[in-house]
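Reading the sequence shown from the start, the letters are residues -19 to 270 in my numbering.
Every residue gets a Cβ at the ideal spot worked out from N, C-alpha and C, and that includes glycine.
As the structure is a prediction and not an experimental result, all values here were calculated from the model.
Beneath this line is the structure, given in structure tokens, with notes to follow.
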Amino acid sequence: MHAPNRQLLEAYQFCMALAHSHYENFPVASRLLKKDLRYPVSAVYAFARSADDFADEGEHTKSERLALLHGFEEELDKIQAGLSSSQPIFIALNDVINRFQVPISLFYDLLKAFKQDVTKTRYKHFSEILEYCTLSANPVGRILLYLNHSADIDNLNYSDAICTGLQLINFYQDIAQDIDENDRLYLPVDEMKQLSVSVSDLRQKINNEHTRELLELHLQRARSIYVQGQPLCKNLSGRFAVEIGVIYHGGLSVLRKLEQNTDNIYLRPRLTRHDKFNMLWRGLLCPFFS
């Protein structure tokens, strides 16, 4: 990272502290990355994590959540207009966008997804869920590729597959939590009807042949999308390739655990120390083996 002024350094330190204060299954701005990428990645994470919390956390009303997200949108407008901000996240993000030439549209897309989280709780068809993923997940991978100066068309497409797959995996590990906390469901209504599964079944955590068949269908679909992104790991190099490899194999670890949850499809997987060692080992090999 170039020598920053004090305000910018403090803004990045704020973002890094926020990134390290949240539990995540996968590494965020970890030491696997080169030092000059850790701060930019932490700024992207701080933006996305904070906006996600606006949409989901706390006791805010729907209108209050949308107002908070609109405030973030106004901060992006300032960056686009070349104006400065007093908020640490956007001081850092302004530097990231301009220094790495990241399309600001990717950040607007993330905000659209978080607004959708507030206003939409049901999806009629799987195609609607995929459209949501193009806003909620794919921009993150694309931003990371821009930070690494590796955003060519092939890599962007591979990244989209990984990010969509990860988003779907995240949905399926949080089925019970999403319904309990936000009355939100990322399983398409039409397929639930076809397999005789009701929202009430999921709310009551019914684990029978119908609910298992529904989840199995979606896990198979998530895997088929996810593995299409595997070549990205070999297309990259250095520490960044290792970081992406660890994330990729972490996603596979969670997916496998979900596939094994036949006794309780609502059990949320947690990665063990052994799982994380496996992720690191496979991540280290990722630049050499597709």
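Residue nearest to residue i in terms of C-alpha spacing, selected from the options
| i | options | result |
| --- | --- | --- |
| I59 | D36, P83, E37 | P83 |
| L(-12) | L56, K214, G38, I69 | I69 |
| Y152 | A47, S1, L247, N(-15) | L247 |
| C(-5) | Y25, I149, V207 | Y25 |
| I271 | L(-2), R(-14), K14, F87 | In this structure the chain extends from -19 to 270, so residue 271 is not present and cannot be described. |
| E53 | A221, D170, A28 | A28 |
| D32 | I133, L48, I159, S22 | L48 |
| R236 | R219, S22, P249 | P249 |
| N137 | S233, Q174, K42, P211 | P211 |
| G218 | S66, L86, S130 | S130 |
| R183 | V169, I159, K173 | I159 |
| R201 | N215, S176, D36, Q147 | Q147 |
| I186 | A156, L197, D170 | A156 |
| G230 | Y112, R(-14), I149, V179 | I149 |
| F87 | E108, H50, D16 | H50 |
| S85 | S107, E108, R122, R79 | R122 |
| H0 | N188, N(-15), R18 | R18 |
| E196 | K214, P20, M172 | M172 |
Residue interval of the alpha helix (DSSP H) (run including residue i)
| i | result |
| --- | --- |
| N78 | 68 to 80 |
| I227 | 218 to 239 |
| Q(-7) | -14 to 0 |
| N128 | Element bounds for N128: n/a, residue is neither H nor E. |
| T114 | 106 to 116 |
| D57 | 42 to 61 |
| L13 | Segment: none, L13 is in no alpha helix (DSSP H) and carries neither H nor E. |
| T99 | 85 to 99 |
| L212 | 211 to 215 |
- Going along the chain, which unbroken runs of the alpha helix (DSSP H) with 4 or more residues stay wholly within the region 140 to 204? Segments of the alpha helix (DSSP H) lying fully in the region 140 to 204: 155 to 162, 169 to 174, 179 to 183.
- Would you call the region 91 to 105 and the region 62 to 76 in contact, with 3 or more CB pairs under 8 angstroms? Touching, no, given that fewer than three Cβ pairs across the two stretches are closer than 8 angstroms.
- Message: Could you check whether the region 104 to 119 touches the region 134 to 144, counting it as contact only if at least three pairs of C-beta atoms, one from each stretch, sit closer than 8 angstroms?
- Response: In short, these stretches touch, since the Cβ pair count reaches three.
- Query: Touch check for the region 159 to 169 and the region 95 to 112: three-plus C-beta pairs under 8 angstroms?
  - Reply: Counting Cβ pairs under 8 angstroms, three or more are found: they touch.
- Message: Does the region 229 to 249 come into contact with the region 191 to 201, if we say contact requires no fewer than three beta-carbon pairs (one atom in each stretch) closer than 8 angstroms?
- Response: Touching, per the Cβ criterion.
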